[in-house]
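>
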Amino acid sequence: MILLDTNIVIDAHYGVGNDKVRARNLISSAVIDSGAAINCITLAELYAGPRRGEDIEADMRQAGIVVLDFPAGAAAICGRVYRRYRLNRARSRGGKTSSVPLPDFFIGAHAELMGWKLATRDVERYR
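Residues 34 to 160 (the numbering used here) make up the sequence shown, in order.
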């Protein structure tokens with residue numbers, strides 16, 4: 034299974050040029066090979082976007098993308114990593130913390146807990 038970050042789904046629908054082609058190819062390959070999924074965190078981010086009122090879940094199912102609940106076991110991973118990240122960022126930036134949103138950490142923690150690959154445009158953010 035490959036867990037899709039929100040930006041991959043957005044690129045597949047609204048991207049331009051290579052970003053759109055890359056995202057669509059990635060999703061198509063994942064659906065055929067090991068499976069593609071988003072979690073409820075990504076789903077919430079998509080509903081918060083410009084497609085208000087549309088049935089995003091139905092669109093995901095039609096594309097072969099599974100929508101998953103967030104596993105409680107990933108919450109501890111998320112919280113610990115996010116806390117460490119904020120503390121390290123504050124130390125290295127003179128007290129300023131990052132603007133990386135917590136949802137990104139939920140998505141990464143879910144993939145880590147399950148042992149899945151994470152497809153994202155922001156590879157460095159998840160290292």
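Heads up, the beta-carbon is just placed ideally off N, CA and C, and yes, glycines get one too.
Tell me, to the nearest whole angstrom, how far the beta carbon of L79 is from that of V42; I am working on the premise that it is less than 8 Å.
Mapped onto the sequence shown, residue 79 falls at position 46. Mapped onto the sequence shown, residue 42 falls at position 9. Sure, about 6 Å apart at Cβ, within 8 Å.
> Would you call C73 buried or exposed, if buried means 16 or more other Cβ atoms sit within 10 Å of its Cβ?
To locate residue 73, count along the sequence shown from 1; it is residue 40. With fewer than 16 Cβ atoms within 10 Å of its Cβ, C73 is classed as exposed.
> Cβ atoms of I60 and P45: under 8 Å apart, would you say?
The residue you call residue 45 lines up with position 12 of the sequence shown. The residue you call residue 60 lines up with position 27 of the sequence shown. The sequence shown places Ala at residue 45, not Pro. The answer is yes: Cβ separation under 8 Å.
> Which class does V99 belong to by DSSP, given the choice of helix, strand or coil?
If you number the sequence shown from 1, residue 99 lands on position 66. The answer is strand: DSSP assigns V99 an E or B state.
> Between the Cα of A144 and the Cα atoms of R117, G97, G106, Y118, which residue gives the shortest distance?
Here residue 144 corresponds to residue number 111 of the sequence shown, with the count starting at 1. Measuring from the Cα of A144, the nearest candidate turns out to be G106.
> Mapping DSSP to helix, strand and coil, what is A69?
Working through the sequence shown from its first residue, we reach residue 69 at position 36. A69: strand per DSSP, three-state reduction.
> In the DSSP assignment, the beta strand (DSSP E) including A152 goes from what residue to what residue?
As a first step, residue 152 is located in the sequence shown; it is residue number 119 there, counting from the start. That run of the beta strand (DSSP E) goes 150-152.
> Is it buried or exposed, D66, if we count other Cβ atoms within 10 angstroms and call 16 or more buried?
Here residue 66 refers to the residue found at position 33 of the sequence shown. The residue in question, D66, is exposed, as its Cβ has fewer than 16 Cβ neighbours within 10 Å.
> Nearest CA to the CA of I35: which residue from G82, I98, I110?
Taking the sequence shown and counting its residues from 1, one reaches residue 35 at position 2. Of the candidates G82, I98, I110, the one whose C-alpha sits nearest the C-alpha of I35 is I98.
> What residue from V54, A77, A108 has the CA that sits closest to M147's CA?
Your numbering for residue 147 matches position 114 in the sequence shown. The candidate whose alpha carbon is nearest that of M147 is A108.
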